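S.K.: Sharing a structure, written as structure tokens. Questions coming.
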Amino acid sequence: MKLDRNYSLIEIAKLINAKAIGDEEFVVSGINEIHMVTSGDITFVDHEKYYNKALNSNATTIIINKDVPCPEGKTLLISDDPFRDYNYLTKFFSPLQQPENPIYTIGKNSSVGINTYIHQGVVIGNNVKIGDNCIIYPNVVIYDHSIIGNNVIIQANTVIGGDAFYYKRRPDYYEKMHSCGRTVLEDWVEIGCNCTIDRGVSGDTIIGQGTKLDNLVQIGHDNVIGKNCIIASQCGIAGVTTIEDEVILWGQVGVTKDIIIGKGAIVSAKSGVSKSLEGGKSYFGAPAKEFKQAILELAYIAKLPKMFKDLKK
Amino acid sequence: MKLDRNYSLIEIAKLINAKAIGDEEFVVSGINEIHMVTSGDITFVDHEKYYNKALNSNATTIIINKDVPCPEGKTLLISDDPFRDYNYLTKFFSPLQQPENPIYTIGKNSSVGINTYIHQGVVIGNNVKIGDNCIIYPNVVIYDHSIIGNNVIIQANTVIGGDAFYYKRRPDYYEKMHSCGRTVLEDWVEIGCNCTIDRGVSGDTIIGQGTKLDNLVQIGHDNVIGKNCIIASQCGIAGVTTIEDEVILWGQVGVTKDIIIGKGAIVSAKSGVSKSLEGGKSYFGAPAKEFKQAILELAYIAKLPKMFKDLKK
Amino acid sequence: MKLDRNYSLIEIAKLINAKAIGDEEFVVSGINEIHMVTSGDITFVDHEKYYNKALNSNATTIIINKDVPCPEGKTLLISDDPFRDYNYLTKFFSPLQQPENPIYTIGKNSSVGINTYIHQGVVIGNNVKIGDNCIIYPNVVIYDHSIIGNNVIIQANTVIGGDAFYYKRRPDYYEKMHSCGRTVLEDWVEIGCNCTIDRGVSGDTIIGQGTKLDNLVQIGHDNVIGKNCIIASQCGIAGVTTIEDEVILWGQVGVTKDIIIGKGAIVSAKSGVSKSLEGGKSYFGAPAKEFKQAILELAYIAKLPKMFKDLKK
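Chains as they are written, first to last, in our numbering: chain A, 1468 to 1780; chain B, 1468 to 1780; chain C, 1468 to 1780.
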């Protein structure tokens, strides 16, 4: 991101209350993450592992949480929390713009809290409660009886509370189970674009406090997701499953119905979880097994061609 | 789901014409599925396999299709069809609310049948025909020339009839094939949220009668899906493929183009179907093979680490 | 597709300036692709490999790029470019209809080029630039600061520029990184339905000229996709990854963050790309490896049951 004009190092330092190392009049013209920086840019680093990468990058001003020697031709901004200060700067120079006079639909007995922004084209059903300080992006659809806490963000075109995928097999057809349950998003939940969170059949589908979902995630009916979970893009959770707190599911993971994934479990991308998993461990594969075991098996599979040859001998 | 007030057992029994076993004044305060029940709740069970689970659950009133001994402190409702009666009760206590005065768009030469509800924000193209008794949820988009039968339900934000993904490679670019085919959803089809059903290039994409799609399903151009199929969330079917009647694809299955999946085949979650499959069998894996063979291979893979060790000796 | 009336062979030949072989009054009543044709239909073939299939299909008029013997009871239209001429005919008989008086929303400092059609329900944020000759289908959402070139097509319900999925782990919660980057779609890009293209955190997410995305594709923040790539349905690319020109990702492929896929690489369906891939090669598997190696390993896995048996002996 280019800034609206050139700033001096000392101007930036004052904005974030950081200690400036280098020429106070040093020119700052942009702000960017480490993988995208060019000369004139500020970037940030807050982990020792990446100090060298940041200091040697094309960025000429680095927000850093250690008083390291300043590289030739560059400047530093010493901060106790570079992420916070970088975030402050991007918000300062490119603040979030809230919609003006959006037109949206809201049903009967539904309420929206204070300081909550509902964007254009959002459709909110009946008996829905939305808390304070939320942002609901355009064309989101929220079905009847959904409960949305405070500080919740829902990105565009997501659907909250679609009907459960639940049918009874009759001899000649499938009969639809009527969905009358709720969808509950607790405080600080964030949902990506084009996600689908189905309502409970007659109970609640719950996304716990602070849990973050990326785009195109499917959460089936009556799932209970814990607090501070990370669910990456294109994951799908079937239904009636419990995901405990602080679980991480990486991209395109599938989880079957009616199981439990224990607290803090981490499931690698593209895995398929077919049974309950103990917490605190890492998993991979379809069906998912403990990460080390899965990797070991892959290593042996790679040796099969040679092994068959050797055996033939 | 909590009921609006406490009901007596006999009141509920009369609603569904069931035989009540236990104190007629026994209090019923809620209704829920077996995995979510608490004291005061009604639940239902219609399969011998789950009788004990239901009778021993926290539910205190059980709709059941056999005259079993009533557990201490509980009551029973004997029904010839517990699913039907449970469904009746949830609809009675939490009826589906149809939208009032929704604003939607409809193109030229398009028609909507009687008793069909079109929700807010739906966009219907030209030359579209929608039958009777349908529900089209908010922000669904239906492209030109789509044909939708009777009793069809389309959940929010789904797209019916998007252009085929079909290009000709030219030396320096891809040239788009013009899509002018149709999308046909036969009677009783139900489509989840955020699905994409592409139109035929110049023929028809067809979803057969009674087939149900979960959320985020992709149906490519010119696919012909049979009757009473179940396609779970995040499945994708490439194009020009035939899925015969009563096929079940579980979650995140991918199906390549221009093949046939035979009647009644069942494909397990996360499988990738790379060639035609015979009907009446179960499959798993990527590429998918017969279920038993796939499971057998997985079992042997798990033995590889020990086998390599043994061979070394 | 049925035509509005019966046409004679010579009428059709004149429309596309082709040489007609057979009875000039031969009746043409429809137009369809080879897999869907019936008597009276025109179809096309432009590859020797498919000549016989086309000539022996139910189509009775074949647009073909070689002067082959005309089958009994059929007619030919000789063309130097059957795809172009077929496409011309479908556009002639079923032209794309642009929306009349659509209502959409556009933010501050945003502009739309000439001959660009914005459909009903589209929401365009602030500081967005959309070029000439584009089609933006209904209910698409375009976030602030997006840049869209000329001749771009975006199918319905897609989201351009959603927030990056980027959080910092704090002891008790995840802190959201403010997204202020852009999303850039270069000229001739086409995006399917219900896709999600996230904006850069503070840099740009870029989709290169002529690249085509199918439905339900996820492109994470700060990815840079090259020119003339094909990305099939339900692929997901994590973030900060570079996909060079002319890469093909088939359906449901996942790509991890911060890697490079080299020019012209082809990744088979359902693969999971966990590290950078050299260009010009084919890959398969999760994790993806060179196609031949992956297929070889699969072949040996299939032999495991017999091998274990033999070893036991």
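For glycine and all other residues, C-beta sits at the position ideal for the given N, C-alpha and C.
Just so it is clear, the structure is predicted and the values come from calculations on it, not from any experiment.
So which residues of chain B does A/Leu1716 contact, with C-beta pairs closer than 8 Å?
M.R.: If you number the first sequence from 1, residue 1716 of chain A lands on position 249. Within 8 Å Cβ-Cβ: nothing; A/Leu1716 doesn't reach chain B, min ~13 Å.
S.K.: Around the Cβ of C/Glu1515, are there at least 16 other Cβ atoms within 10 angstroms (buried) or fewer (exposed)?
M.R.: For the purposes of this step, residue 1515 of chain C is identified with residue 48 of the third sequence, where counting begins at 1. Per the 10 Å Cβ criterion, exposed.
S.K.: Which same chain residues, not among the five before or five after B/Val1651, have their C-beta less than 6 Å away from its C-beta?
M.R.: On the second sequence, residue 1651 of chain B is found 184 positions in, with the first residue counted as 1. Closer than 6 Å at the Cβ level, and outside the excluded window around B/Val1651, lie Ile1614, Asp1671, Ile1673.
S.K.: For the alpha helix (DSSP H) that A/Leu1765 lies in, which residues bound it at each end?
M.R.: Taking the first residue of the first sequence as 1, we reach residue 1765 of chain A at position 298. Counting along the chain, the alpha helix (DSSP H) containing A/Leu1765 begins and ends at 1758 to 1779.
S.K.: C/Val1608 and A/Ala1480 look like a contact to me (Cβ under 8 Å); what is the Cβ gap, rounded to whole Å?
M.R.: Start at 1 with the first residue of the third sequence, and residue 1608 of chain C comes out as number 141. Start at 1 with the first residue of the first sequence, and residue 1480 of chain A comes out as number 13. Incorrect: roughly 38 Å between the Cβ atoms, too far for contact.
S.K.: Could you check if C/Leu1778 is buried or exposed, using at least 16 other CB atoms within 10 Å of its CB as the buried criterion?
M.R.: In the third sequence, the residue the question calls residue 1778 of chain C occupies position 311. Exposed: under 16 other Cβ atoms inside 10 Å.
S.K.: For B/Gly1588, which residues of its own chain have a beta-carbon under 6 Å away from its beta-carbon, when the five flanking residues on both sides are left out?
M.R.: Taking the first residue of the second sequence as 1, we reach residue 1588 of chain B at position 121. Excluding residues within five positions, the ones whose Cβ falls inside 6 Å are Pro1605, Asn1606.
S.K.: To test your reading of the DSSP string, which unbroken beta strand (DSSP E) runs of 3 or more residues are found completely within the segment 1486 to 1525 of chain B?
M.R.: Qualifying beta strand (DSSP E) stretches, in chain order: 1486 to 1488, 1494 to 1498, 1508 to 1512.
S.K.: List, in order along the chain, the chain B residues whose C-beta lies closer than 7 Å to that of A/Asn1593?
M.R.: Position 126 of the first sequence, counted from the start, is the residue given in the question as residue 1593 of chain A. Within chain B, the residues near A/Asn1593 are Gln1564.
S.K.: Based on Cα-Cα distance, which residue from C/Glu1764, C/Gly1729, C/Ala1766 lies nearest to C/Lys1748?
M.R.: Here the question's residue 1748 of chain C lines up with position 281 in the third sequence. Among C/Glu1764, C/Gly1729, C/Ala1766, the Cα nearest to that of C/Lys1748 belongs to C/Gly1729.
S.K.: Relative to the C-alpha of B/Ile1591, which residue among B/Ile1581, B/Val1626, B/Lys1469 is closest?
M.R.: Taking the second sequence and counting its residues from 1, the one referred to as residue 1591 of chain B is at position 124. Checking every option, the nearest Cα to that of B/Ile1591 belongs to B/Val1626.
S.K.: Less than 7 Å between C-beta atoms, sequence neighbours within five positions excluded: which residues of the same chain meet that for B/Val1668?
M.R.: Walking along the second sequence from the start, residue 1668 of chain B turns up at place 201. Hits under 7 Å: Ala1631, Tyr1633, Met1644, Ser1646, Gly1648, His1688, Asp1689.
S.K.: Quick check on C/Ser1669 - is its C-beta less than 8 Å from some C-beta in chain A?
M.R.: For this step, residue 1669 of chain C is matched to residue 202 along the third sequence. Yes - at least one Cβ of chain A is within 8 Å of the one on C/Ser1669.
S.K.: What residue from B/Phe1751, B/Gln1701, B/Ala1766, B/Ile1733 has the CA that sits closest to A/Lys1756's CA?
M.R.: If you number the first sequence from 1, residue 1756 of chain A lands on position 289. Measuring from the Cα of A/Lys1756, the nearest candidate turns out to be B/Ala1766.
S.K.: Can you give me the start and stop residues for the beta strand (DSSP E) that A/Leu1683 sits inside?
M.R.: Locating residue 1683 of chain A in the first sequence gives position 216, where the first residue counts as 1. Looking at the DSSP string, A/Leu1683 is not in any beta strand (DSSP E), and its letter there is neither H nor E.
S.K.: Can you give me the start and stop residues for the beta strand (DSSP E) that A/Asp1665 sits inside?
M.R.: Numbered from 1 along the first sequence, position 198 holds the residue referred to as residue 1665 of chain A. From DSSP, the beta strand (DSSP E) with A/Asp1665 extends over 1663 to 1665.
S.K.: Within 8 Å of any Cβ in chain C, is that where the Cβ of A/Ala1755 sits?
M.R.: Position 288 of the first sequence, counting from 1, holds the residue named residue 1755 of chain A. Chain C contact via Cβ: absent.
S.K.: Report yes or no: do three or more beta-carbon pairs, one from the segment 1564 to 1580 of chain A and one from the segment 1542 to 1554 of chain A, lie closer than 8 Å?
M.R.: Taking 8 Å as the limit for Cβ pairs, the verdict is that the segment 1542 to 1554 of chain A does not touch the segment 1564 to 1580 of chain A.
S.K.: Got a sec: which bits of the segment 1746 to 1779 of chain A sit with their beta carbon under 7 Å from any beta carbon on chain C, in order along the chain?
M.R.: Within the segment 1746 to 1779 of chain A, the qualifying residues are Ile1768, Ala1769, Leu1771, Pro1772, Phe1775.
S.K.: For the segment 1618 to 1674 of chain B, which segments carrying the beta strand (DSSP E) assignment without a break, of at least 3 residues, lie completely within its bounds, in sequence order?
M.R.: Taking only runs of at least 3 residues, the beta strand (DSSP E) segments lying wholly in the segment 1618 to 1674 of chain B are 1626 to 1629, 1634 to 1636, 1641 to 1643, 1649 to 1652, 1663 to 1665, 1671 to 1674.
S.K.: Taking B/Ala1865 as the query, report the chain C residues whose CB atoms sit under 9 Å from its CB, ordered along the chain.
M.R.: In the structure displayed, chain B extends from 1468 to 1780; residue 1865 of chain B sits before or after that span and is not available.
S.K.: Locate the beta strand (DSSP E) running through A/Thr1557, then write down its first and last residues.
M.R.: By 1-based counting over the first sequence, the position of residue 1557 of chain A is 90. No beta strand (DSSP E) contains A/Thr1557, which is instead part of the alpha helix (DSSP H) from 1549 to 1560.
S.K.: Taking the alpha helix (DSSP H) that C/Leu1482 belongs to, which residues open and close that run?
M.R.: Counted from its first residue, the third sequence places residue 1482 of chain C at position 15. C/Leu1482 -> alpha helix (DSSP H) spans 1476 to 1483.
S.K.: Would B/Ala1453 and A/Glu1764 qualify as a contact pair, given that the criterion is a beta-carbon distance under 8 Å?
M.R.: No statement about residue 1453 of chain B is possible, as the shown extent of chain B runs from 1468 to 1780 and does not include it.
S.K.: To the nearest angstrom, report how far apart A/Thr1708 and C/Arg1472 are at their CA atoms.
M.R.: For the purposes of this step, residue 1708 of chain A is identified with residue 241 of the first sequence, where counting begins at 1. For the purposes of this step, residue 1472 of chain C is identified with residue 5 of the third sequence, where counting begins at 1. About 56 Å.
S.K.: Taking B/Cys1696 as the query, report the chain E residues whose CB atoms sit under 7 Å from its CB, ordered along the chain.
M.R.: In summary, chain E is missing from the structure at hand, where the protein chains are A, B and C.
S.K.: Run through chain A and tell me which residues come within less than 8 Å of B/Asp1552, C-beta to C-beta.
M.R.: Counting from 1 along the second sequence, the entry for residue 1552 of chain B is found at position 85. In chain order: nothing, as chain A lies at least about 12 Å away.
S.K.: Ordered along the chain, which non-local residues of its own chain (more than five positions away) have a Cβ less than 8 Å from that of C/Gly1598?
M.R.: For the purposes of this step, residue 1598 of chain C is identified with residue 131 of the third sequence, where counting begins at 1. Gly1580, Thr1583, Ile1615, Gly1616, Asn1617, Asn1618, Val1619, Asp1654, listed in sequence order.
S.K.: DSSP on A/Ile1727, reduced to helix/strand/coil?
M.R.: Working through the first sequence from its first residue, we reach residue 1727 of chain A at position 260. If DSSP states are grouped into helix, strand and coil, A/Ile1727 belongs with the strands.
S.K.: Quick check: what's the CA-CA separation for B/Asn1640 versus C/Gly1677?
M.R.: Numbered from its first residue, the second sequence carries residue 1640 of chain B at position 173. Numbered from its first residue, the third sequence carries residue 1677 of chain C at position 210. Before going further, note that residue 1640 of chain B is Tyr rather than Asn in the sequence given. The straight-line gap from Cα to Cα measures roughly 6 Å.
S.K.: Would a C-beta distance cut-off of 8 Å place A/Ala1753 and A/Ser1743 closer than the cut-off?
M.R.: For the purposes of this step, residue 1753 of chain A is taken as the residue at position 286 of the first sequence. For the purposes of this step, residue 1743 of chain A is taken as the residue at position 276 of the first sequence. Against a cut-off of 8 Å, the Cβ pair of A/Ser1743 and A/Ala1753 comes out as no contact.
S.K.: As a quick exercise: from B/Gly1721, B/Met1468, B/Gly1675, pick the residue whose alpha carbon is nearest that of B/Ile1501.
M.R.: Within the second sequence, residue 1501 of chain B is the residue found at index 34, counting from 1. Comparing Cα positions, the closest option is B/Met1468.
S.K.: Taking B/Ile1498 as the query, report the chain A residues whose CB atoms sit under 9 Å from its CB, ordered along the chain.
M.R.: Within the second sequence, the letter at position 31 stands for residue 1498 of chain B. By Cβ distance, chain A contributes Cys1647, Ser1669.
S.K.: Which two residues bound the contiguous beta strand (DSSP E) that contains B/Ser1749?
M.R.: Taking the second sequence and counting its residues from 1, one reaches residue 1749 of chain B at position 282. 1749 to 1751 is the span of the beta strand (DSSP E), which, as asked, contains B/Ser1749.
S.K.: Just checking my contact of A/Ser1496 with A/Thr1510 at CB under 8 Å: how many whole Å lie between their CB atoms?
M.R.: Sequence index remark: in the first sequence, residue 1496 of chain A carries index 29 (1-based). Sequence index remark: in the first sequence, residue 1510 of chain A carries index 43 (1-based). Actually they are not in contact, since the Cβ atoms of A/Ser1496 and A/Thr1510 sit about 13 Å apart, beyond 8 Å.
S.K.: Less than 8 Å between the C-beta atoms of A/Leu1470 and A/Glu1491, yes or no?
M.R.: Translated into the one-based positions of the first sequence, residue 1470 of chain A becomes position 3. Translated into the one-based positions of the first sequence, residue 1491 of chain A becomes position 24. No, these two residues do not count as a Cβ contact at 8 Å.
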